[in-house]
Ligand code: COA
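Numbering (this note's numbering), first residue to last: 322 to 483.
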């Protein structure tokens with residue numbers, strides 16, 4: 322069986338990500354969701370929080386493991402014996418960045434392939450930044466993120482307001 326890895330920053334995980342995880346599990350059987358711990362993005366959630374939220378979000382989906390990783394993604398893939406990286410595309414605008422990453426990763430590790438899943442049409446508009454922006458401005462994010470994310474964002478937002 323192929324070992325697939327779905328990497329991301331997941332700051333925070335959204336329903337769009339969860340939909341991709343479910344479909345990846347159906348396609349590949351076993352999927353490691355790998356949360357990038359030392360992201361260069363300035364994250365709202367700590368690495369521990371991001372990992373915990375992904376774990377909550379994938380409860381009940383068979384074949385999924387959630388872990389943090391740091392350093393190069395391809396080194397992590399080698400350590401895990403993974404041969405597939407999963408990424409998702411929402412629109413043409415995602416393509417350049419994703420294509421660049423896929424090419425760099427295959428230059429660094431020739432046995433790895435990147436498989437792109439189209440984001441479900443319900444989530445084309447969704448991003449982690451949009452979720453944070455809506456929450457910070459007091460908007461309703463139910464329907465965009467798993468319940469555990471909603472709870473923790475609301476805690477963070479009320480701390481920011483103090
Ligand atoms: N539904 C909803 N949103 C989605 C989505 C989907 N299906 N697919 C992507 N997104 C959004 C996310 O919400 C996020 O939004 P944001 O930009 O507003 O934060 C954005 O797309 C991408 O975030 P995410 O999916 O969390 O992944 P990422 O692009 O931050 O992940 C890594 C990048 C971690 C995979 C990459 O930086 C990496 O591999 N780093 C390790 C170091 C390395 O190996 N570098 C060399 C290779 S680049």
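Every residue gets a Cβ at the ideal spot worked out from N, C-alpha and C, and that includes glycine.
On a predicted model such as this, the values are computed, not experimentally measured, just so you know.
Taking buried to mean at least 16 other C-beta atoms within 10 Å of its own C-beta, is residue i buried or exposed?
i, result
"residue 467", "buried"
"residue 416", "exposed"
"residue 363", "exposed"
"residue 424", "exposed"
"residue 341", "buried"
"residue 445", "exposed"
"residue 418", "exposed"
"residue 449", "buried"
For residue i, tell me which candidate among the options has the shortest Cα-Cα distance.
i, options, result
"residue 379", "351, 417 and 452", "351"
"residue 393", "386, 387 and 406", "406"
"residue 329", "443, 349 and 339", "339"
"residue 478", "445, 396 and 366", "366"
"residue 295", "396, 413 and 460", "The shown model of the chain, from 322 to 483, leaves out residue 295, and the question about it has no answer."
"residue 437", "331, 345 and 450", "345"
"residue 331", "323, 361 and 322", "361"
"residue 323", "384, 459, 458 and 422", "384"
"residue 458", "472, 442, 443 and 481", "481"
"residue 476", "370, 326 and 347", "370"
Among residues of its own chain, excluding the 5 on either side of residue i, which ones have a beta-carbon nearer than 6 Å to its beta-carbon?
i, result
"residue 470", "333 and 374"
"residue 389", "356, 358, 368 and 372"
"residue 440", "337, 409 and 411"
"residue 474", "456"
Can you find the residues in the same chain that come closer than 7 Å, C-beta to C-beta, to residue i, ignoring five residues on each side of it along the sequence?
i, result
"residue 465", "335, 336, 447 and 452"
"residue 485", "Given a span of 322 to 483 for the chain in the structure shown, any question on residue 485 remains unanswerable."
Mind reading off the beta-carbon distance from residue i to residue j? Whole number of angstroms is fine, and I expect it under 8 Å.
i, j, result
"residue 386", "residue 433", "With 8 Å as the limit, residue 386 and residue 433 do not qualify as a contact, their Cβ atoms being about 18 Å apart."
**Request:** List in chain order: all unbroken beta strand (DSSP E) runs of 3+ residues lying wholly within the stretch 352 to 424.
**Result:** 385 to 390 and 405 to 410
**Minimum length 4: unbroken alpha helix (DSSP H) runs contained in the stretch 416 to 483** = 449 to 457 and 468 to 482
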